[in-house]
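Let me begin by presenting the structure, written as structure tokens, before commenting on it.
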Amino acid sequence: MTDSKEILLEVQQLQKSFGDRIVLNGIDLQVGKGEVIVILGPSGCGKSTFLRCLNGLESVQGGVIQYRGQNLAEGNVDWPEVRQHIGMVFQNYDLFPHMTVIDNILLGPLQVQKRDKNEALQQAEQLLDRVGLLDRKDAYPRQLSGGQKQRIAIVRALCMNPDIILFDEVTASLDPEMVREVLDVILGLANQGMTMIIVTHEMGFAKSVGDRIVFIDQGKICEIATAQQFFTAPATERAQHFLDIFQY
Ligand SMILES: Nc1ncnc2c1ncn2[C@@H]1O[C@H](COP(=O)(O)OP(=O)(O)OP(=O)(O)O)[C@@H](O)[C@H]1O
Ligand SMILES: [Mg+2]
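All residue numbers for the sequence shown refer to the UniProt record's numbering, where the first residue is 1 and numbers rise by one.
Take a look at the structure:
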């Protein structure tokens, strides 16, 4: 990210606790337009919680989440409105089982964004075509493979025309042969300049997609570096140890 780039999202000293347990302890992060940030860190370090805070799925106890001139860490946030701009894709797709692929995708654009049906349908079909699934638009989720469901979940997020998409281990539930097809969709989005924050345990993917790597340990950012720096010469022992575990 260069200094001249517009900052889309700025997190300052974010604090999150569950009861007495402090889970995020002063996270600072700026996300530039078009930037791809990959968050790495050991299990339980707070990666999912961090993304969930950015999407209003967890309350926060302190700090600032500056987005479009408002502080999302304060009360009175219109989260349904914000989620139109900050999309999220989860590990388990959470498509509605009783709705077809196309109806799942169009739900947000039509019900929340009140868009014109033909216009939204056209965009949905273009996006489905891009991920190679246009011929499955009338299928139900149960008729799709895990990799296909996850690509649909990504299309559903994209069809809202978000500014930022958050990805939380979106390949973690997939069989190995389906991981690649989903990662390739995300790589394609990165190449098109989509701003993304990605939590993953796929180190090769992290290295190829990430502009910056944010390494979190025990609720704190230990290290922020370019992907190149992080994977060749991490600055901290903890990050080195983490990479050793992945034999990376
Ligand atoms: N709803 C909750 N109530 C209480 N504690 C929680 C809750 N959600 C998460 N935690 C705790 O917060 C900490 C961070 O959890 P989080 O899910 O963010 O970790 P993570 O980095 O995403 O881990 P993983 O790599 O295993 O997905 C963990 O200690 C977890 O037990
Ligand atoms: Mg997690």
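We put the beta carbon where it would ideally sit given N, CA and C, even for glycine.
In the DSSP assignment, residue 222 falls within the unbroken beta strand (DSSP E) covering 220 to 226. Set against 6 angstroms, the gap from the CB of residue 179 to the closest heavy atom of ligand 1 is not smaller.
Where residue 112 is concerned, there is no enclosing alpha helix (DSSP H), because DSSP gives it neither an H nor an E. Residues 23, 61 of the same chain have their beta carbon placed closer than 7 angstroms to that of residue 17, with the five preceding and five following residues left out of the count.
Annotation: residue 233 to residue 118 spans about 51 angstroms, alpha carbon to alpha carbon. Looking from the CA of residue 144, the closest CA among 97, 157, 114, 186 belongs to 97.
If you ignore the 5 residues before and after residue 38, its C-beta comes within less than 6 angstroms of the C-beta of 198, 206, 210, 213, all in its own chain and listed in chain order. The three-state reading of DSSP puts residue 48 in helix, counting H, G and I together.
By the Cβ-count criterion, residue 138 is exposed, with fewer than 16 other Cβ atoms from all chains shown falling within 10 Å of its own Cβ. In this structure, residue 86 sits near residue 164, with a CB-CB distance shorter than 7 angstroms. Between the stretch 48 to 64 and the stretch 236 to 243, the count of C-beta pairs closer than 8 angstroms stays below three; the two stretches do not touch. Between the beta-carbon of residue 71 and that of residue 64 there is about 5 angstroms, and that keeps the pair under the 8 angstroms contact cut. Under DSSP, residue 196 shares a beta bridge with 36, 165. Assignment of beta-bridge partners to residue 9 by DSSP yields 31, 67. For residue 217, the enclosing beta strand (DSSP E) stretches over residues 212 to 217.
Chain order is used for the residues whose beta-carbon lies nearer than 7 angstroms to a heavy atom of ligand 2, namely 47, 48, 168, 169, 199. A straight line joining the alpha-carbon of residue 200 with that of residue 112 spans about 29 angstroms. In this structure, residue 185 sits away from residue 171, with a CB-CB distance that is not shorter than 7 angstroms.
Classified as buried, residue 136 has 16 or more neighbouring CB atoms from the shown chains inside 10 Å of its CB. Contact annotation: residue 141 and residue 95 have beta-carbon atoms nearer than 7 angstroms. At a Cβ-Cβ threshold of 7 angstroms, residue 151 and residue 133 count as neighbours. Ligand 1 never approaches residue 210 closely enough for any of its heavy atoms to be under 6 angstroms from the residue's Cβ. Annotation: residue 109 to residue 190 spans about 23 angstroms, alpha carbon to alpha carbon.
Cβ neighbours of residue 159 within its own chain (closer than 8 angstroms, five residues either side excluded): 105, 106, 108, 109, 120, 123, 124, 127.
Sixteen is the threshold: since fewer than 16 other Cβ atoms of the shown chains lie within 10 Å of the Cβ of residue 59, the residue is exposed.
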